[in-house]
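Asks:
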Amino acid sequence: MSKMQASELDTGALNDCLSRIAAQADRGAFLQVFDHFGPRLKYFLLQKGCTDGEADDLVQDVMLTVWRKAKQYDPAKAAASTWIYTIARNRFIDAKRRERVMVDIDTCPEAEQVSEGTAEDEISQSELAQGVAAAMADLPAAQAEVIQMAFIDGKTHSEIAEELGVPLGTIKSRIRLAFARLRDVLESHR
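Using the UniProt record's numbering, the first residue of the sequence shown is number 1, and each one after it goes up by one.
Structural data, given as structure tokens:
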């Protein structure tokens, strides 16, 4: 393939670059994809409200994902640009979810209003925790795994899907089914 300017890469050239990245870890092909999408992704992320530094970090993360996941790209399912912008959008959403405002408990007036629980409340909470733990143990392994990853390890649904190599919808379905079982345990405890 002749060396093209970044703005001249067409769909066929992008697909070719991604297939070379997937098959041969071709750094030259990756550089072409990076040169083509880097500025476009940064502009896209800036338009979404990222700061300049956040956009740079997310572009790096997206392009690293493109490098690592190039084998998963299927030109029959989506255009290269659609695939890459979807990764960027998901990374942006994941980053925004992780931005949580931390509150200092010593300066939070609501923290003073929390009353001490009675021994009876503590026993009830202990029984509930044991019931939930037992219900978790009874969950199918796939459901227990995604609950662990999402709510104990703090991973996003997208991260779990990527790590397990299954569709995002499957992860959401497993979590929903697990919650239904856990809800039954919690309702029987009332």
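Quick reminder that beta carbons are idealized off the backbone N, C-alpha and C, glycines included.
1) Is Ala-70 closer than 8 Å to Thr-11 when the C-beta atoms are compared?
2) Could you pull the start and end residues of the alpha helix (DSSP H) that Tyr-85 belongs to?
3) Taking a contact to mean a Cβ-Cβ separation below 8 Å, would you say Ile-87 touches Val-62 in this structure?
4) Based on Cα-Cα distance, which residue from Arg-97, His-36, Thr-65 and Tyr-85 lies nearest to Glu-163?
5) Are there 16 or more other CB atoms within 10 angstroms of the CB of Tyr-43, so buried, or fewer, so exposed?
6) Assuming Val-132 contacts Leu-177 (C-beta within less than 8 Å), just tell me the rounded distance between them.
7) From Thr-156 to Ile-171, what does the alpha carbon distance come to, in whole angstroms?
8) Which residue's Cα is closest to the Cα of Asp-184: Gln-125, Phe-92, Asp-16 and Ala-135?
9) I'd like the ranges of any beta strand (DSSP E) spanning at least 3 consecutive residues and lying wholly in the UniProt domain "RNA polymerase sigma-70 region 4" (135-183).
10) Is the Cβ-Cβ distance between residue 194 and Ala-22 less than 8 Å?
11) Let's see if you can read the secondary structure: which residues bound the alpha helix (DSSP H) around residue 194?
12) Grab the span of the alpha helix (DSSP H) containing Pro-39 for me, first residue to last.
Replies: Straight from the coordinates:
1) Contact annotation: Thr-11 and Ala-70 have beta-carbon atoms that are not nearer than 8 Å.
2) Counting along the chain, the alpha helix (DSSP H) containing Tyr-85 begins and ends at 80-98.
3) The answer is yes: Cβ separation under 8 Å.
4) Put simply, of Arg-97, His-36, Thr-65 and Tyr-85 the residue whose alpha carbon is nearest the alpha carbon of Glu-163 is Thr-65.
5) With fewer than 16 other Cβ atoms within 10 Å, it is exposed.
6) Leu-177 and Val-132 do not touch by the CB rule: their CB atoms are close to 16 Å apart, not below 8 Å.
7) Straight-line spacing of the CA atoms in Thr-156 and Ile-171 works out to 10 Å.
8) Taking each of Gln-125, Phe-92, Asp-16 and Ala-135 in turn and checking the Cα distance to Asp-184, the smallest one comes out for Ala-135.
9) Within the UniProt domain "RNA polymerase sigma-70 region 4" (135-183), no beta strand (DSSP E) run of at least 3 residues lies entirely inside it.
10) Outside the modelled stretch of the chain, which goes from 1 to 190, sits residue 194, for which no answer is possible.
11) Absent from the model: residue 194. The displayed extent of the chain is 1 to 190, so no value can be given.
12) From DSSP, the alpha helix (DSSP H) with Pro-39 extends over 27-47.
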